[in-house]
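These protein sequence lines are chains A and B, in that order. Going by numbering that gives the first Met the number 0, the first residue of the first sequence is number 0, and it counts up by one from there. Going by numbering that gives the first Met the number 0, the first residue of the second sequence is number 0, and it counts up by one from there. We put the beta carbon where it would ideally sit given N, CA and C, even for glycine. Small disclaimer: the values here were computed from a predicted structure and weren't measured. Some notes on the structure that comes next.
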Amino acid sequence: MSDADKSDISNLIKLFGPGILELLKGKQVELEHVEIELEELELYLPIGGTIAGSYPTIHSSVIQDTTGPEIRIRPRPENLADVPFNPSSIPYPAKIREIKLGGARSDGGTRGSTVTVGGSSSLPFHDPQSPPPHSPVISLDVFDTPVPMPKALKNHVKDVLDDPADWAKMNVEQFGADMVTVHLLSTDPLIQNRSVKDASKTVEEVLQAVDVPLIIGGCGDPKKDAETFIEISEMAEGERLLLNSVTTDMADAKTLEPVCRAADKCGHCLLGFTGLDLNSAKELNRRIYQFFSPDRLLIDLTTVALGYGLEYSFSIHERARTAALMGDSELSHPTLSACTNAWSAREAWMNLGPEFGRNELRGPLWESIGGITLLLAGVDLFLMMHPLAVSTLRDVSTRLMNPKPLKPEMSEWVSVKI
Amino acid sequence: MKIGKKGIKEISPIDVYKILPRTNCGECQESNCMAFATKVVNGEAVIEGCSPLYTPKYTKELEKIQDLLAPPVKTITIGTGKRKIAIGGKHVLFRHEFTYHNPPPIAIDIADDTDPDKVAQRVRLIEDFSYTYIGRPLGLDAIAIRSVTKDPDIFREIVHLVCELSDLPLILCSYDPEVLSAGLSECADRNPLIYAINHNNWKEVGEIALKYSCPVVVSSQGDLSLLRSLVTTMIKWGIDNLVLDPGTFHGEQIGHTIHQFSSIRKTACSEFDPIFGFPLLGTPISVWAGGELSEDLNRWQEAYLTSMLITRYADLLIMHSIEGWALLPQLIWRFGIYTDPRKPVSVDPGVRIFGSPDAQSPVLITTNYALTFFTVESDIKAAKIDCYLIVIDTGGLSVEAAVAGRYLTALKIADSLNEFKAGDLVSHNYLIIPGLAARLSGETEEETGWKVLVGPRDSSGIGQMIRERWPPVEE
Ligand code: SF4
């Protein structure tokens with residue numbers, strides 16, 4: 000195992016060749032895309048209308064039932080028919096709210112970069128003529144206390160596990176994170192029960208270490224999280240944090256209102272979390288609207304690992320997005336997915352024997368596929384951990400939004416020597 | 000647009016009922032025709048269940064009903080006998096509208112320049128590949144034989160060899176009519192899928208498809224107008240056992256793949272366009288034509304591309320990677336996305352009994368999230384343990400989520416033990432809780448009066464835990 004223990008991102012980059020390396024150099028990739036867009040304009044001349052051409056009937060009864068299928072019934076056509084394809088493009092009546100995360104100096108914050116999520120006006124990657132207006136955003140996790148973590152994840156961050164600020168720096172500088180999520184699990188009253196002052200100090204340190212926007216994760220206790228979020232809201236006024244999350248439990252514990260009011264007053268954003276149920280998501284949103292602007296609310300509909308119900312997450316996101324585009328404003332919020340949940344699947348980390356190795360690839364692939372699947376369902380913001388999964392999701396989303404011109408020979412697999 | 004065609008969600012039970020014999024004879028195992036009609040439109044029964052419909056008296060009605068219920072994407076069958084596969088048969092664009100039918104079979108390629116020993120080895124790998132997921136075996140479905148040498152005799156030999164080794168359905172891959180004829184001379188009776196008709200060979204390969212009456216792929220890589228033209232021509236010619244190949248592009252062109260597959264399927268399912276109403280072939284094997292530097296990078300790309308095609312409308316897939324790490328997520332994702340979306344997220348709380356437990360047997364707890372329960376259930380069965388499992392109502396959340404969200408608490412555990420009379424089941428007072436709920440152990444001992452044993456974090460470890468730590472040693 001000692002070799003595997005030593006493996007780090009640079010080994011993986013070697014392993015995967017220069018393709019991945021190029022991806023990790025975020026800025027260069029972006030510059031290239033300015034050119035791509037110009038090329039794409041030519042490729043996708045706007046076309047409207049419906050499908051042209053004639054429609055032959057294909058019922059076998061018309062071909063005569065009495066004859067066997069081997070017998071030629073019709074003569075071979077002399078020439079190829081000419082039936083052009085003009086896909087129709089029907090606009091949706093509504094669009095997803097667009098939300099900026101991170102407060103720059105002009106907003107009263109200190110962030111050097113900000114991100115914008117949402118704004119989609121059509122189903123994700125169905126219609127090449129209306130791509131999402133913003134690239135999906137990737138946030139990498141930081142924990143303020145030791146958490147059990149599979150080796151494949153720990154290997155990349157083992158030097159910074161005890162220091163959230165260094166960890167955040169590594170996420171941004173080495174792994175290309177657009178945002179950092181600080182999980183304040185140490186505040187959990189059932190475990191360490193650290194004070195909200197401590198938590199606030201941790202966040203302050205991370206704010207100083209990196210200048211990307213932050214997501215603040217609580218411990219799940221509706222009372223303690225409320226205290227933590229209120230304290231941090233005030234400490235970081237103007238930073239436009241995303242508070243992860245507000246829940247139905249908070250509403251029941253009567254802590255929803257104070258959290259919403261503090262976040263609103265200090266200019267932060269909220270994440271409403273519900274468990275795979277659109278009705279509760281809508282209900283929670285309505286409760287939040289009483290004290291907080293819908294224009295700064297994101298939603299988390301729950302992400303389950305591949306093999307443990309990813310299909311539930313997939314379908315609920317497709318349903319929410321379709322309903323929102325059709326005009327359901329209670330669902331027209333940008334969505335967030337915790338793809339790191341992939342690692343709760345045993346198939347992501349367990350040694351399943353030689354026929355299912357290599358274990359060091361199966362794990363990040365599990366996280367990648369969970370993320371890409373929900374990208375296809377329209378998710379706007381991803382919480383991730385493994386560097387290879389991060390670069391793969393970035394790779395795929397960039398190329399989905401801006402595919403390079405077709406090279407038909409690229410798909411000529413039939414006679415290729417492998 | 001096909002005039003008057005209704006989508007499966009617009010068809011009411013009455014529409015079907017009106018055409019049924021309406022005798023309430025009960026041969027379909029339903030109490031009456033209306034009940035049967037309701038099941039049919041919900042996708043829970045097929046019209047073949049109504050045997051009277053298949054008598055001469057009802058020929059017209061049968062035809063009407065078949066027409067009414069015909070999926071906008073045709074079903075095509077490949078292979079024969081019990082291993083034959085059905086592809087397509089799709090009704091809707093979105094899984095939440097109606098259960099997706101016919102999970103896309105995965106074919107693995109064999110090139111005709113492979114040594115016979117290696118062919119045998121690869122066929123065995125394909126046949127034997129299996130992973131047990133919540134108690135069900137997941138595996139591979141077909142073999143795609145590729146003409147790399149472009150020599151008809153070599154192709155014939157390899158097809159012959161594969162036929163001797165396996166009865167899996169076959170896909171014969173070449174654009175050369177002579178090569179395809181050579182292959183078909185060996186296996187036409189096995190109803191293989193012919194790959195492929197394209198704009199250069201359509202006359203010759205069309206003749207072959209008619210001669211052997213096998214299903215055939217129409218290929219037009221990246222040009223959907225040409226694809227429509229080819230399909231229209233084939234239909235006019237009387238060839239309608241078709242599969243569509245719009246080309247699977249990877250890397251920097253991956254966006255075209257997703258757009259094209261989506262656009263074809265939308266045209267078929269939302270506009271009932273018959274020309275695009277055929278199953279779609281995805282060929283993630285294309286990544287191997289891209290000239291990447293590392294094999295692992297190819298496998299990596301092939302793996303995520305396959306998962307994207309399972310999500311976006313492929314009805315049949317050809318892959319090259321046979322490595323378990325690349326295939327496993329495909330098999331599991333395919334299983335998941337093809338389950339009934341109405342299947343509840345949760346199971347009923349209560350006591351489940353495994354084997355024949357007695358008063359000394361272990362008592363375990365878990366949550367009522369369906370996938371959590373099925374996983375624990377299949378692990379306990381695999382480990383052959385006699386025990387009681389108490390399924391606690393966490394609103395359908397997994398253990399981890401339920402603990403974090405306070406849906407699984409010491410109090411909740413205590414209430415459930417009382418409600419389900421756990422104390423009456425056994426004479427000891429040891430309770431095994433999931434490793435992911437370890438933080439609740441102290442509180443749980445206080446609330447329940449039971450002694451808590453913390454189980455494994457993953458239920459696959461239950462067998463080992465019981466072997467090593469049960470019965471518990473009294474302090
Ligand atoms: S078998 Fe057919 S006719 Fe008989 S009850 Fe069922 S649906 Fe009605």
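Checklist entry - Is glycine 42 of chain B near the ligand SF4, in the sense that its beta carbon is under 7 Å from a heavy atom of that ligand? => result no
Item to check | Assumed close pair arginine 96 of chain A, aspartate 248 of chain A - CB separation to whole angstroms, cut-off 8 Å | outcome: 24 Å between Cβ atoms; not a contact.
Item to check | Limits of the unbroken alpha helix (DSSP H) element including methionine 464 of chain B | outcome: 461 to 468
Next on the checklist: Need the endpoints of the alpha helix (DSSP H) that phenylalanine 154 of chain B sits in, please.
Outcome noted: 151 to 164
Next on the checklist: For a test of the three-state rule: what should DSSP assign to lysine 253 of chain A, helix, strand or coil?
Outcome noted: coil
Checklist entry - What three-state label does DSSP hand cysteine 259 of chain A in the structure shown? => result helix
Item to check | Contact check, alanine 280 of chain A vs glycine 266 of chain A, beta carbons under 8 Å | outcome: no
Checklist entry - Can you tell which of A:Ile137, A:Gln128 and A:Ala164 has its C-alpha closest to the C-alpha of threonine 144 of chain A? => result A:Ala164
Next on the checklist: Would you call the region 292 to 309 of chain A in contact with the region 358 to 371 of chain A, where contact means no fewer than 3 C-beta pairs closer than 8 Å?
Outcome noted: yes
Next on the checklist: Closer than 7 Å to a non-hydrogen atom of the ligand SF4 - does that hold for the CB of serine 228 of chain B?
Outcome noted: no
Item to check | Validate contact between the region 266 to 284 of chain B and the region 236 to 254 of chain B using beta carbons, cut 8 Å, 3 pairs | outcome: yes
Item to check | C-alpha distance - isoleucine 153 of chain B paired with alanine 106 of chain B, whole-angstrom precision | outcome: 21 Å
Checklist entry - Touching or not, the region 355 to 364 of chain A and the region 310 to 330 of chain A, by the rule of three or more beta carbon pairs under 8 Å? => result no
Checklist entry - Taking 7 Å as the cut-off, is the CB of serine 173 of chain B close to at least one heavy atom of the ligand SF4? => result no
Item to check | Backbone secondary structure at alanine 110 of chain B - three-state DSSP | outcome: strand
Checklist entry - Along chain B, in chain order, which residues have C-beta atoms closer than 7 Å to that of leucine 277 of chain A? => result Near leucine 277 of chain A there are no residues of chain B at all, since even the closest Cβ is about 10 Å away, more than 7 Å.
Next on the checklist: Could you check whether the Cβ of threonine 22 of chain B sits closer than 7 Å to any heavy atom belonging to the ligand SF4?
Outcome noted: yes
Checklist entry - Does the distance from the CB of phenylalanine 204 of chain B to the CB of valine 215 of chain B come in under 8 Å? => result Checking the displayed sequence, the identity of residue 204 of chain B turns out to be valine instead of phenylalanine. A contact, by the Cβ cut-off of 8 Å.
Checklist entry - CB glutamate 230 of chain A to CB valine 195 of chain A, shorter than 8 Å? => result yes
Item to check | Three-state class that DSSP yields for phenylalanine 271 of chain B in the structure shown | outcome: coil
Checklist entry - If you measure from the beta carbon of alanine 80 of chain A to each beta carbon in chain B, is any gap under 8 Å? => result yes
Item to check | Option nearest glutamine 173 of chain A by Cα separation, candidates A:Ser185, A:Leu184 and A:Val156 | outcome: A:Val156
Next on the checklist: Closer than 9 Å between beta carbons: that is the criterion. Which residues of the region 319 to 334 of chain A meet it against chain B?
Outcome noted: Thr321
Item to check | Where aspartate 114 of chain B falls, given that 16 or more other Cβ within 10 Å makes a residue buried | outcome: exposed
Checklist entry - chain B beta carbons: is any one of them nearer than 8 Å to that of tryptophan 342 of chain A? => result no
Next on the checklist: Classify arginine 341 of chain B: buried if its beta carbon has 16 or more other beta carbons within 10 angstroms, exposed otherwise.
Outcome noted: exposed
Item to check | Residue from B:Tyr132, B:Ile109 and B:Thr131 with nearest C-alpha to valine 122 of chain B | outcome: B:Ile109
Checklist entry - The alpha helix (DSSP H) with glycine 335 of chain B in it runs from where to where? => result 323 to 336
Checklist entry - Over what stretch of residues does the beta strand (DSSP E) that includes glutamate 97 of chain A continue unbroken? => result 97 to 100
Item to check | Near-chain B residues of the region 118 to 146 of chain A (beta-carbon distance less than 7 Å), N- to C-terminal order | outcome: Phe124, His125 and Pro127
Checklist entry - Are the CB atoms of lysine 380 of chain B and phenylalanine 353 of chain B nearer to each other than 8 Å? => result yes
Next on the checklist: Please report whether the beta-carbon of leucine 137 of chain B lies at a distance below 8 Å from any beta-carbon of chain A.
Outcome noted: no
Checklist entry - Rounded to the nearest angstrom, how far is the Cβ of valine 398 of chain B from that of leucine 407 of chain B, given a contact under 8 Å? => result 7 Å
Next on the checklist: Beta-carbon within less than 7 Å of serine 105 of chain A's beta-carbon, same chain only, minus the 5 sequence neighbours each way: which residues are those?
Outcome noted: none
Next on the checklist: Beta-carbon within less than 6 Å of alanine 388 of chain A's beta-carbon, same chain only, minus the 5 sequence neighbours each way: which residues are those?
Outcome noted: Pro363, Glu366 and Ser367
Item to check | serine 11 of chain B: CB within 7 Å of a non-hydrogen atom of the ligand SF4 | outcome: no
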